[in-house]
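Enquirer:
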Amino acid sequence: MKVEATSDLAATANPSAARTISMGKAIAYFAFSLVINSAGNVLTLVTSAKIHPSFLGAAYWTAAEANLGTAFHWNLFWAFLIMGFLTAVLNAVLMHHWSWKRIIGNMVFMVPFSALIQVFEDFFMGSYPTLFGGLPDARSTGMVVFYVFLNFVGVALIATAISIYQRVNLVLHPADDLMQILRFRYFKGQAAKAMWASYIPPTLMAIVAIIVTRQFTNFGLGTIFAFVAQGGITGIADKWVFPKLKHQALDVGKPTDNDWSC
Numbered sequence: 119m120k121v122e123a124t125s126d127l128a129a130t131a132n133p134s135a136a137r138t139i140s141m142g143k144a145i146a147y148f149a150f151s152l153v154i155n156s157a158g159n160v161l162t163l164v165t166s167a168k169i170h171p172s173f174l175g176a177a178y179w180t181a182a183e184a185n186l187g188t189a190f191h192w193n194l195f196w197a198f199l200i201m202g203f204l205t206a207v208l209n210a211v212l213m214h215h216w217s218w219k220r221i222i223g224n225m226v227f228m229v230p231f232s233a234l235i236q237v238f239e240d241f242f243m244g245s246y247p248t249l250f251g252g253l254p255d256a257r258s259t260g261m262v263v264f265y266v267f268l269n270f271v272g273v274a275l276i277a278t279a280i281s282i283y284q285r286v287n288l289v290l291h292p293a294d295d296l297m298q299i300l301r302f303r304y305f306k307g308q309a310a311k312a313m314w315a316s317y318i319p320p321t322l323m324a325i326v327a328i329i330v331t332r333q334f335t336n337f338g339l340g341t342i343f344a345f346v347a348q349g350g351i352t353g354i355a356d357k358w359v360f361p362k363l364k365h366q367a368l369d370v371g372k373p374t375d376n377d378w379s380c
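This is the structure in structure tokens:
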């Protein structure tokens, strides 16, 4: 699946510098996207862990953060929160402007997001047996195929959530804020190039984790699918999921002579 060019994205063809929806609607969109993003991320992790030997892997950022958490003995909550903060700092560097409002917004996103990640992980792993016994290990070809499907569904949920909350632009996950800054400040609105560039930090995270643990886990078929298709699915969601929702209050800082563009 090709990542669609900016000119093909209905939601970003005419990004607004102001808000055209009410705060109530913005919060509702954001809350919905936060839940499906968290569920999607955990689905990619759990389905990968339930297949032996594991070959699926998680979404790209998720895989890198989970590996780094393993390397430094952090649970998923702390792994996602710490790496989210460091990415928010990188975003400030790229914008050439330190904004506490933006940093706080990133952290406002990260705290409930990280908590929901932990809740969904506990749920899918069977920590709440009265509600759900957890996903079982895949012991048949049918179960393996089903988990591959669920893994790809998880990637699609992540991509759809990104589409929604990037357009709402109330508060963003630092990784998606990074992509947005790269896209509109450095890559002249080209989503494909911005997406590839935004994968540099998690790649570095993964390398550090591999050096520390001597293991290469959480990367696989699902990671490749996410790497190739996530941007394209986000573009499709821009057109078909809440199509009347346009990109709100775009702010990637003022260009300077030191900025580079492609």
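Throughout, our numbering is defined as the position within the sequence shown, counted from one, plus 118. Just so you know, even glycine gets a beta-carbon here, dropped at the ideal spot from N, CA and C.
For Trp216, which residues from the same chain have a beta carbon less than 6 Å from its beta carbon, with the 5 sequence-adjacent residues on both sides left out?
Expert: One-based indexing of the sequence shown puts residue 216 at position 98. The residues are Ala210.
Enquirer: Can the beta-carbon of Met323 be found less than 8 Å from the beta-carbon of Ala182?
Expert: In the sequence shown, the residue the question calls residue 323 occupies position 205. In the sequence shown, the residue the question calls residue 182 occupies position 64. For Met323 and Ala182, yes; Cβs fall inside 8 Å.
Enquirer: According to DSSP, is Val330 part of a helix, a strand, or is it coil?
Expert: Counting from one through the sequence shown, the residue named residue 330 turns up at place 212. The answer is helix: DSSP assigns Val330 an H, G or I state.
Enquirer: Taking only runs of the beta strand (DSSP E) that begin and end inside the stretch 194-258, which ones reach a length of at least 3 residues, in chain order?
Expert: DSSP runs (the beta strand (DSSP E)) wholly in the stretch 194-258: none.
Enquirer: Is the shortest distance between the beta-carbon of Ile325 and the beta-carbons of chain D less than 8 Å?
Expert: The structure shown contains no chain D; it is built from a single protein chain.
Enquirer: Between the C-alpha atoms of Asp294 and Val262, what's the straight-line distance to the nearest angstrom?
Expert: Within the sequence shown, the letter at position 176 stands for residue 294. Within the sequence shown, the letter at position 144 stands for residue 262. Their backbone Cα atoms lie some 31 Å apart in a straight line.
Enquirer: Residue ranges of each alpha helix (DSSP H) run of no fewer than 4 residues wholly in the stretch 285-366, ordered along the chain?
Expert: Whole alpha helix (DSSP H) segments, 4+ residues: 292-299, 309-316, 318-331, 339-358.
Enquirer: If we call anything under 8 Å between Cβ atoms a contact, is Leu290 one with Gln298?
Expert: On the sequence shown, position 172 is the one that residue 290 refers to. On the sequence shown, position 180 is the one that residue 298 refers to. Yes, they are a contact pair.
Enquirer: In the DSSP assignment, find the alpha helix (DSSP H) that holds Thr138 and state where it starts and stops.
Expert: Here residue 138 corresponds to residue number 20 of the sequence shown, with the count starting at 1. From DSSP, Thr138 is part of no alpha helix (DSSP H); its letter is neither H nor E.
Enquirer: Less than 8 Å separating the beta-carbons of Leu208 and Ala184?
Expert: As a working mapping, residue 208 is identified with position 90 in the sequence shown. As a working mapping, residue 184 is identified with position 66 in the sequence shown. Taking 8 Å as the Cβ cut-off, Leu208 and Ala184 do not qualify as a contacting pair.
Enquirer: Considering just the uninterrupted stretch of the alpha helix (DSSP H) at Leu174, what are its terminal residues?
Expert: Reading the sequence shown from its first residue, position 56 is the one you call residue 174. No alpha helix (DSSP H) holds Leu174; DSSP gives it neither H nor E.
Enquirer: Report, in whole angstroms, the separation of the C-beta atoms of Ile177 and Val273, which I expect to be a contact under 8 Å.
Expert: Within the sequence shown, numbered from 1, the residue matching residue 177 stands at position 59. Within the sequence shown, numbered from 1, the residue matching residue 273 stands at position 155. The amino acid at residue 177 is misidentified as Ile; the sequence shows Ala. Confirmed, about 6 Å.
Enquirer: Measuring only the C-alpha atoms, how far is Phe337 from Tyr147?
Expert: Here residue 337 refers to the residue found at position 219 of the sequence shown. Here residue 147 refers to the residue found at position 29 of the sequence shown. Distance between the alpha carbons of Phe337 and Tyr147: 30 Å.
Enquirer: Grouping DSSP H, G and I as helix and E and B as strand, with all else coil, what is Trp69?
Expert: This structure cannot settle anything about residue 69, because the visible part of the chain is limited to 119 through 380.
Enquirer: Going by beta-carbon coordinates alone, are Val326 and Leu186 separated by less than 8 Å?
Expert: Within the sequence shown, residue 326 is the residue found at index 208, counting from 1. Within the sequence shown, residue 186 is the residue found at index 68, counting from 1. The answer is yes: Cβ separation under 8 Å.
Enquirer: For Phe148, which three-state DSSP category applies?
Expert: Here the question's residue 148 lines up with position 30 in the sequence shown. Phe148 falls in the helix class under three-state DSSP.
Enquirer: Going by beta carbon distance, what residues of the same chain come within less than 8 Å of Asp126, once the five residues before and after it are set aside?
Expert: Taking the sequence shown and counting its residues from 1, one reaches residue 126 at position 8. Here Asp126 scores only 38 on pLDDT, less than 50, and its place in the model should not be relied on; the value that follows carries that caveat. Within the same chain, Asp126 has close Cβ partners Gly353.
Enquirer: Go through its chain and collect everything with a Cβ distance to Leu363's Cβ below 6 Å, but skip five positions before and after it.
Expert: For the purposes of this step, residue 363 is identified with residue 245 of the sequence shown, where counting begins at 1. Arg285.
Enquirer: Quick check on Phe190: does DSSP put it in helix, strand or coil?
Expert: Locating residue 190 in the sequence shown gives position 72, counting from the first residue. Three-state result, Phe190: coil.
Enquirer: Label Gln366 either buried or exposed according to how many other C-beta atoms from any shown protein chain fall within 10 Å of its C-beta, with 16 as the threshold for buried.
Expert: If you number the sequence shown from 1, residue 366 lands on position 248. Its Cβ being crowded by 16 or more others within 10 Å, Gln366 is buried.
Enquirer: Count the other C-beta atoms from every protein chain shown that fall within 10 angstroms of the C-beta of Gln348, then say buried if there are 16 or more, exposed otherwise.
Expert: Walking along the sequence shown from the start, residue 348 turns up at place 230. By the 10 Å Cβ count, Gln348 comes out buried.
Enquirer: Regarding Ala189 and the ligand GTP, is the C-beta to nearest heavy atom distance less than 7 Å?
Expert: Here there are no bound small molecules, and the ligand GTP is not part of this structure.
Enquirer: With DSSP collapsed to three states, give me the class of Leu161.
Expert: Indexing the sequence shown from 1 puts residue 161 at position 43. Note: Leu161 maps to helix in three-state DSSP.
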